[in-house]
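Engineer:
Protein chains: 2
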Amino acid sequence: MDNKIKLSHGDGGIHTHQLINDVFYKYYGSPAAMGTPDSFVFNHTDSCKLAYTTDSFVVKPLFFRGGDIGKLAVCGTVNDLAACGAMPLYLSAAFLIEEGFSIEMLCGIAKSMGEVCRHTGTRIVTGDTKVVEKGSLDGIFINTSGIGVVSGFYEPRQVEPGDELIITGGIAEHGTCILIDRYELDIITGLESDCAPMCNLVSGLQEELKYIKLMKDPTRGGIAMVLNEITRGSGIDIELYEECIPVKSEVQAINDMLGIDPMYLACEGRMLIAVQKGYGESILQHIKTLNNCREARIIGKFASGSHGMVYMNTRIGGRRIIPVLEGNILPRIC
Amino acid sequence: MDNKIKLSHGDGGIHTHQLINDVFYKYYGSPAAMGTPDSFVFNHTDSCKLAYTTDSFVVKPLFFRGGDIGKLAVCGTVNDLAACGAMPLYLSAAFLIEEGFSIEMLCGIAKSMGEVCRHTGTRIVTGDTKVVEKGSLDGIFINTSGIGVVSGFYEPRQVEPGDELIITGGIAEHGTCILIDRYELDIITGLESDCAPMCNLVSGLQEELKYIKLMKDPTRGGIAMVLNEITRGSGIDIELYEECIPVKSEVQAINDMLGIDPMYLACEGRMLIAVQKGYGESILQHIKTLNNCREARIIGKFASGSHGMVYMNTRIGGRRIIPVLEGNILPRIC
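The listed protein sequences correspond, in order, to chains A and B.
Letter by letter, the first sequence follows residues 1127 to 1460 of the working numbering.
Letter by letter, the second sequence follows residues 1127 to 1460 of the working numbering.
1. T1162(A) to D1289(B), Cα distance in whole Å?
2. Do L1391(A) and A1298(A) have their CB atoms nearer than 8 Å?
3. Over the uninterrupted beta strand (DSSP E) stretch that includes C1243(B), give me the two end residues.
4. If you compare alpha carbons, which of G1385(B), S1360(B), R1346(B) is closest to S1182(B)?
5. What's the gap between the Cα of I1304(A) and the Cα of I1349(A)?
6. Check whether the region 1166–1174 of chain B and the region 1248–1262 of chain B are in contact - that is, three or more C-beta pairs closer than 8 Å.
7. What are the residues that DSSP puts in a beta bridge with N1418(A)?
8. Quick one: any contact between the region 1357–1375 of chain B and the region 1422–1432 of chain B, if contact means 3 or more CB pairs under 8 Å?
9. Consult DSSP for P1157(A) and reduce its assignment to one of helix, strand or coil.
10. Compare the C-alpha of V1149(A) against each of P1214(B), G1240(B), N1147(B) and name the closest.
11. For a cutoff of 8 Å on Cβ pairs, would you count G1240(A) as touching chain B?
12. Per DSSP, which one or two residues make a beta bridge with L1291(B)?
13. If we require 4 or more residues per run, which alpha helix (DSSP H) segments fall completely within the region 1258–1284 of chain A?
14. Between the C-alpha atoms of N1439(B) and C1460(B), what's the straight-line distance to the nearest angstrom?
15. Between the alpha carbons of D1387(A) and I1371(A), how many angstroms are there, rounded?
16. Quick one: list the residues of chain B neighbouring S1182(A), beta-carbon separation under 7 Å, in chain order.
17. Does R1458(B) get closer than 8 Å to chain A when you measure Cβ to Cβ?
18. Which runs of the alpha helix (DSSP H) fall wholly inside the region 1310–1370 of chain A and span at least 4 residues, in chain order?
19. Counting pairs of beta carbons, one from the region 1236–1252 of chain B and one from the region 1198–1215 of chain B, are three or more of them closer than 8 Å?
20. Which chain A residues are close to Y1216(B), counting only those with a beta carbon under 8 Å from its beta carbon?
21. In the region 1334–1347 of chain A, which residues sit with their C-beta less than 8 Å from some C-beta in chain B, listed in chain order?
22. Assign D1312(B) to buried or exposed, taking buried as 16 or more other Cβ atoms, counted over all protein chains shown, within 10 Å of its Cβ.
23. Where K1186(A) and S1375(B) are concerned, what is the direct C-alpha to C-alpha distance, given to the nearest angstrom?
24. In angstroms, rounded to a whole number, what distance separates the CA positions of I1268(B) and V1352(B)?
25. From the DSSP output, which residues share a beta bridge with V1176(A)?
26. Is I1292(B) near V1401(B), with beta carbons less than 8 Å apart?
27. Could you check whether the Cβ of S1262(B) sits closer than 8 Å to any Cβ belonging to chain A?
28. Kindly indicate the opening and closing residues of the beta strand (DSSP E) around V1436(B).
29. Can we count L1327(B) as close to the ligand HEM, meaning its CB is less than 7 Å from some heavy atom?
30. Label H1141(B) either buried or exposed according to how many other C-beta atoms from any shown protein chain fall within 10 Å of its C-beta, with 16 as the threshold for buried.
31. Use the C-beta contact count for M1397(B): other C-beta atoms within 10 angstroms, 16 or more gives buried, fewer gives exposed.
32. With a cut-off of 8 Å, does the C-beta of R1249(B) fall near any C-beta of chain A?
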């Protein structure tokens, strides 16, 4: 490992995992002490499992089409809980603010946070505010942590060949909006970030959660990185079908123009769901009735293979590897 | 309220409270939704109460005599839980790191965190790492949140005249060490920050917690600000006795030299404890047997009064008000 932190140490990919293993696991104690990447689930009583998670938000710009850092901070933590099959119960919100920051903007951010809380039936119950001198921090960063109650129906387990993969909506919309707004691209589009809470998947599916083997929200690194994380070292491959992957034509066009593959761009209101073999279609039909999930699609399946690779079966009949990328396509996406 | 964030909005005093009321309470929802200042306590089951808290750390310098930002981050959250009568169970740790930060320093910080965790029997179970580009953040900031189990013996309640006030050790040692190290004062002293976990008060006192009415760790703003917070709007005064307040001679000398009142400087390993009238001396004797509490003292008592003021009865027989200060004596203390 080099002796300096690089931007890629924060992108959720290989370097982040190296840092977690070589620094945090090593010095905190055993790897098990860190729990799952998204949330830690613990049996608090025999009858109740709680999930616990944390996330910091450094998105740039703070306000973007379809959201702001406040909406993102609440949705991000709610979605990490949802990925564990948990309904959010309580959140914390800690602000790091640069001296001179606009209080009007802070009000806008807090308002967004309150709105998502009310919408999802959760509450911010503890907080902290630190202000640092001008120049020591770029505007405002937010940390949220959350506690949720895990649904008794949800039992995450090992995926197997034949299990099906669902995405709950179009990909890369958040990442593309950040690109447009950060670089002030001169594009006329009605596109908005997909940033949204996804706990309605947990409350809406209920008993059908039994047939779900795992859920992951594809944020940093997009669905490409998350799928690679799932297959890594598993000895199971993933076969994706290009024509099934929902990419809005505007998203595709903007990314083509910039030379970026939307497979690697963040979603902030989508869930990747691995469904037990044979239940994909029925679960999909149910998911499509849920708010914010009307564009859900089965995008591929797990297949036997010894490489733990993600393959894309292209529209024109080809087949290519979706590799793990080193480094950051777009830092400060969330 | 001015339209810009000031440093004092982050010092835990009047301006912080204004910001919480005018922005966070207003937009999140009802004031009750924010819980107590330190931690939020909720009944998870009939037989079990959990406490939940969050804190961010921006201390400067990152390494100081007696600790570093990592030790501080774990102790701070453990102590907020302890102030609610809770033993820490699980912690989260989220890092915001500037590109180019030394990985060796990060290892030192993580090592300190692991040490306090092992010492207190808690575990970091979920985390997050974000890296921002050079110049967007001053080195490293850490957020920790924590979940603890509240002792069944502890029932915080309203203080009354006659109740006694204990401090578990010498004051202002953390703040003084930060002063020396930040401004590289040319002082030869063995003084170290008091930064330490205080959950042994909860595990060590057990049944005696019944006689404790409230606990507060006097961090930002020192014991002066915390005592004013307790009396504010209560209609009860506090009478302190100067000769009883434990201030190390070195702390006093350095603060005299700088013109700072140690009453306003942070402790990071001390607890202010309000004890039911008549139980002060017996609780004190027990506290003094606990690790890190040998210098505990009764420093004053609650008195009937309609002003909600904090009074200092001086060594020479005078009596002065310990006022609430506006603004920051020392920003980035924790």
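Note that the Cβ used here is the ideal one computed from N, Cα and C, for glycine as well.
The structure presented is a predicted model; accordingly, all values stated were derived computationally and were not measured.
Structural biologist: Looking at the coordinates:
1. The predicted model places T1162(A) with a pLDDT of 48, which falls under 50 and marks its position as unreliable; any figure quoted below should be read in that light. The alpha-carbon atoms of T1162(A) and D1289(B) are separated by roughly 47 Å.
2. yes
3. Careful: C1243(B) lies outside any beta strand (DSSP E), inside the alpha helix (DSSP H) at 1229–1246.
4. R1346(B)
5. 17 Å
6. no
7. Looking at the DSSP assignment, N1418(A) forms no beta bridge with any residue, so it has no partner.
8. yes
9. In this prediction, P1157(A) scores a pLDDT of 49, lower than 50, which makes its location untrustworthy; the coordinate-derived value is nonetheless stated afterwards. Helix, per DSSP.
10. G1240(B)
11. yes
12. A1400(B), G1426(B)
13. none
14. 30 Å
15. 13 Å
16. A1220, L1222, D1254, K1256, N1269
17. yes
18. 1326–1331, 1348–1357
19. yes
20. F1166, F1168, Y1178
21. none
22. exposed
23. 49 Å
24. 24 Å
25. Note that residue 1176(A) corresponds to Leu in the displayed sequence, not to Val. Note: L1176(A) sits in a beta bridge opposite F1168(A), V1275(A).
26. yes
27. yes
28. 1436–1439
29. No copy of the ligand HEM appears in this structure; indeed no ligand is present at all.
30. buried
31. buried
32. yes
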